[in-house]
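Engineer:
This is the structure:
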């Protein structure tokens, strides 16, 4: 039967069987004000079904370029019967010449840049060849995202998620783009730069094609893919939660807790790392209540400040937690706010609530939460207070899910992974990456209540078979001190954030456990991840490349020669601040670049491949006799002089020179002479040597694991350790 007759029949058949949906269209491509004559279509490769789907549903007639091995599969050959195709070996340096000739002739070409079907469910290695062809011919690049084919029996991701006989398939056609030629001197480097550009386009495609939804609908989508019986979460109580149980607790706790406040109102959560805490966060959102995550290490005044800023009238906590963490006085100080206990919420559930849950909500969960929009507030977090009074940060459903999608586009978390998260969920890193990401992606999680149990945590990582560990460098340093070399044998990823990764910590993890720590960077205001090193894009001494969808500008700062102040905007940016001056009033993000931009306050350098190097915070510079000195450089010098100790630099006012640098160190034998040797080793000037060294037993930390710079500044001014 001719292809012209086969295509309409196949299209109708597969649309019925797989409910194929095509988003976007392949109209005449215009770039730089003119119609593109050469067109390279790129697609991710999920299964042997991909060729059939694209041949039938792509509104174009391109030449398919396929790997010789993939072309041998009988199912893929079925699709190739419908199209013109070219088989080649992507590892051959000469193979792409045929693609170049096709593009130059004006024929549209479709290629799978990965060269093979994914076995991870995420992007695989991207070959340089297609990028070279695009640059060589100046072709417009149209990314096409296939979603769903990998969950069929034609995929190769067994174990990542349950397979479906007839999964729903979506084909998303994204706007065209173009690769700019590299200015590198050698052909090898130009080809590599083009390949890197193609990888970034593919990652942006994976992110941009994610649908906009809420935390609750994200949970429902994961439940649909993984199944209600899939075990996904566990906490220190030893209770394992399936998706079915998660949904039940989310809806029941959310419905009962919603009675404690009005729609749109904030409600404080003073709770430890438990699965119930996360279900409350999602459940309150279903009923348009906004959870505010309270830092239980902040003390009575800090908690009252947070509640005042976010206009919180009701706080939910736990009797067992209050008793264990010795928070009775803190909770008592919250008066006149209403305090409710988690243990009582279930008791408050009426028979009608249980009837509603079992007879309606669990059967028709998608009928709930329909009045909640992606732009609505999902959670209120609070800045760390490491440099000033904490502000309330309002994060929407869109911001949180965008950040999850951005991280997933560059790191292949899968259903066979298990994340160990001891970072508190009042911390944005702990909440977004350590709690929400696993639940909406099908990755298992073990939630632990305290990151400070340095001996216990390595044993639990070993016992639970965890493959991903999250932590701040301070916590990771202490885990490495107490861990057996085999405790971390199953870890695939160790991700560090919240503060700079010191070289001794990186070296210790690599030498003791053979693990390369992946350093990331972010802020509460960006939900939180902005950049991260990955196995596919890693550069030591940097925090990796910016995530897809993030626009960045670097503004010069007088007195700072290299780099500038980083401003960002993107879909993961906060809705705004709650400030002390106007409690409960949303102050949208705005920087010197205008509305919608966020000034990070960090001084960064961006290299030619997009890797971000943090030089320091603008607030963490000392101005000595008119010269700017980075306190992070001072800490780096101290780390070279005394690698096994912890160091932190601050400043004190000086009448003659403006400011003086004070170094706090846990090394009682550290001297200025040793610091001078360290400075000479890396070529730093004498002005970067602190005038005063204060020896301390331990550096002051916040509950999130960050250094408490406010306390350090106070100690420096007082001249005491």
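In our numbering, the protein residues as written are 463 to 1183. All C-beta atoms in this analysis are idealised placements derived from N, C-alpha and C, irrespective of residue type, glycine included.
1) In terms of residue numbering, what span does the beta strand (DSSP E) encompassing residue 963 cover?
2) Take residue 520 as the anchor and find which of 588, 635, 743, 744 has the nearest alpha-carbon.
3) Is it right to say residue 474 is buried, meaning 16 or more other beta carbons lie within 10 angstroms of its own, or is it exposed?
4) Measure the C-alpha to C-alpha separation of residue 943 and residue 1152 and round it to an integer number of angstroms.
5) Buried or exposed: where does residue 508 fall if 16 or more other Cβ atoms within 10 Å of its Cβ makes it buried?
6) Excluding the five sequence neighbours on either side, which residues of its own chain have a C-beta within less than 8 Å of the C-beta of residue 1185, listed in chain order?
7) What would DSSP say about residue 873, mapped onto helix, strand or coil?
8) For the beta strand (DSSP E) holding residue 1049, just list the boundary residues, first then last.
9) Let me confirm a value: residue 825 is counted as buried when at least 16 other C-beta atoms fall within 10 Å, else exposed. Which label applies?
10) So what does DSSP say about residue 651, is it helix, strand or coil?
11) Classify residue 1147 as buried or exposed, calling it buried when 16 or more other Cβ atoms lie within 10 Å of its own Cβ.
12) Starting from residue 514, trace the alpha helix (DSSP H) both ways and give me its first and last residue.
13) Taking only three categories from DSSP, how would you classify residue 576?
14) With distances taken between CB atoms, is the gap from residue 579 to residue 476 smaller than 9 Å?
15) Might you give, ordered along the chain, the residues of its own chain that have their beta carbon closer than 8 Å to the beta carbon of residue 1136, omitting 5 neighbours on each side?
16) Considering only the alpha carbon of each residue, which of 544, 716, 652, 500 lies closest to residue 471?
17) Would you kindly work out how many angstroms separate the C-alpha atoms of residue 721 and residue 766, rounded to a whole number?
18) Tell me the start and end of each unbroken beta strand (DSSP E) in the segment 762-791 that is at least 3 residues and wholly inside, in chain order.
19) State the Cα-Cα distance for the pair residue 1044 and residue 1013, rounded to the nearest angstrom.
20) Buried or exposed: which applies to residue 701, given that a residue is buried once 16 or more other Cβ atoms fall within 10 Å of its Cβ?
21) Which residues bound the alpha helix (DSSP H) around residue 939?
22) What is the rounded straight-line gap between the Cα of residue 896 and the Cα of residue 1110?
23) What are the residues that DSSP puts in a beta bridge with residue 1157?
24) Thinking residue 458 and residue 608 are a contact (beta carbons under 8 Å), I'd like their distance in whole angstroms, please.
25) Could you tell me the alpha carbon to alpha carbon distance between residue 549 and residue 536, rounded to whole angstroms?
26) Note down the Cα distance separating residue 703 from residue 793, rounded to an integer number of angstroms.
27) Considering only the alpha carbon of each residue, which of 986, 648, 775, 1054 lies closest to residue 1035?
28) Consult DSSP for residue 748 and reduce its assignment to one of helix, strand or coil.
29) Look up residue 529 in the DSSP assignment and say whether it is helix, strand or coil.
30) What is the DSSP secondary structure of residue 1039, counted as helix, strand or coil?
31) Output the distance between the C-alpha atoms of residue 601 and residue 595, rounded to the nearest integer angstrom.
32) For residue 962, which of 1019, 1075, 949 has the nearest alpha-carbon?
33) Tell me which same chain residues have a C-beta within less than 7 Å of the C-beta of residue 972, skipping the five on either side of it?
34) What does a CB cutoff of less than 6 Å around residue 966 pick up in its chain, not counting 5 residues either side in sequence?
35) Could you have a look at residue 681 and say whether DSSP puts it in helix, strand or coil?
36) Within 9 Å of any Cβ in chain C, is that where the Cβ of residue 1132 sits?
Structural biologist: Put simply:
1) Taking the chain shown and counting its residues from 1, the one referred to as residue 963 is at position 501. That residue, residue 963, is in no beta strand (DSSP E); it is neither H nor E in DSSP.
2) Taking the chain shown and counting its residues from 1, one reaches residue 520 at position 58. Considering only alpha carbons, the answer is 635.
3) Here residue 474 refers to the residue found at position 12 when the chain shown is read from its first residue. Residue 474 is exposed by the Cβ-count criterion.
4) One-based indexing of the chain shown puts residue 943 at position 481. One-based indexing of the chain shown puts residue 1152 at position 690. Whole-angstrom Cα-Cα distance: 28 Å.
5) Position 46 of the chain shown holds residue 508. The residue is buried, with at least 16 neighbouring Cβ atoms inside 10 Å.
6) Within the shown structure, residues of the chain are numbered from 463 to 1183, placing residue 1185 beyond reach of any answer.
7) Here residue 873 corresponds to residue number 411 of the chain shown, with the count starting at 1. It is coil, neither helix nor strand.
8) Counted from its first residue, the chain shown places residue 1049 at position 587. Where residue 1049 is concerned, the enclosing beta strand (DSSP E) stretches over 1044-1049.
9) Here the question's residue 825 lines up with position 363 in the chain shown. Classification for residue 825: exposed.
10) Translated into the one-based positions of the chain shown, residue 651 becomes position 189. It is helical.
11) Position 685 of the chain shown, counted from the first residue, corresponds to residue 1147. Exposed is the label assigned to residue 1147, since fewer than 16 other Cβ atoms lie within 10 Å of its Cβ.
12) The sequence position of residue 514 within the chain shown is 52, counting from 1. First-last of the alpha helix (DSSP H) with residue 514: 512-519.
13) Residue numbering aside, residue 576 sits at position 114 when the chain shown is read from its first letter. Note: residue 576 maps to coil in three-state DSSP.
14) Within the chain shown, residue 579 is the residue found at index 117, counting from 1. Within the chain shown, residue 476 is the residue found at index 14, counting from 1. No, the pair does not count as a contact, with Cβ atoms beyond the cut-off.
15) Taking the first residue of the chain shown as position 1, residue 1136 is located at position 674. The beta carbon of residue 1136 lies closer than 8 Å to those of 1103, 1104 in the same chain, with the five residues before and after it left out.
16) Working through the chain shown from its first residue, we reach residue 471 at position 9. That would be 544, whose Cα lies nearest to the Cα of residue 471.
17) One-based indexing of the chain shown puts residue 721 at position 259. One-based indexing of the chain shown puts residue 766 at position 304. C-alpha separation (whole angstroms): 22 Å.
18) Listed in chain order, they are 776-779.
19) For this step, residue 1044 is matched to residue 582 along the chain shown. For this step, residue 1013 is matched to residue 551 along the chain shown. About 29 Å.
20) Here residue 701 refers to the residue found at position 239 when the chain shown is read from its first residue. It is exposed - the Cβ of residue 701 has fewer than 16 other Cβ atoms within 10 Å.
21) Sequence index remark: in the chain shown, residue 939 carries index 477 (1-based). Element bounds for residue 939: 935-944.
22) Locating residue 896 in the chain shown gives position 434, where the first residue counts as 1. Locating residue 1110 in the chain shown gives position 648, where the first residue counts as 1. Their Cα atoms are separated by approximately 27 Å.
23) Counting from 1 along the chain shown, the entry for residue 1157 is found at position 695. Its beta-bridge partners are 1127.
24) In the structure displayed, the chain extends from 463 to 1183; residue 458 sits before or after that span and is not available.
25) What you label residue 549 is simply residue 87 of the chain shown in a count that begins at 1. What you label residue 536 is simply residue 74 of the chain shown in a count that begins at 1. Distance between the alpha carbons of residue 549 and residue 536: 15 Å.
26) As a first step, residue 703 must be located in the chain shown, where it is residue number 241. As a first step, residue 793 must be located in the chain shown, where it is residue number 331. Residue 703 and residue 793: Cα-Cα distance of roughly 29 Å.
27) Position 573 of the chain shown holds residue 1035. The shortest C-alpha separation from residue 1035 is found at 986.
28) Locating residue 748 in the chain shown gives position 286, counting from the first residue. Here residue 748 sits in helix by DSSP.
29) If you number the chain shown from 1, residue 529 lands on position 67. Note: residue 529 maps to strand in three-state DSSP.
30) Locating residue 1039 in the chain shown gives position 577, where the first residue counts as 1. Residue 1039 falls in the strand class under three-state DSSP.
31) One-based indexing of the chain shown puts residue 601 at position 139. One-based indexing of the chain shown puts residue 595 at position 133. Each residue's Cα considered, the two are about 8 Å apart.
32) In the chain shown, the residue the question calls residue 962 occupies position 500. For the residues 1019, 1075, 949, the minimum Cα distance to residue 962 belongs to 1075.
33) Sequence index remark: in the chain shown, residue 972 carries index 510 (1-based). Around residue 972: 978.
34) On the chain shown, position 504 is the one that residue 966 refers to. 1105, listed in sequence order.
35) Here residue 681 corresponds to residue number 219 of the chain shown, with the count starting at 1. Three-state result, residue 681: helix.
36) Chain labels in this structure do not include chain C; a single protein chain is all it has.
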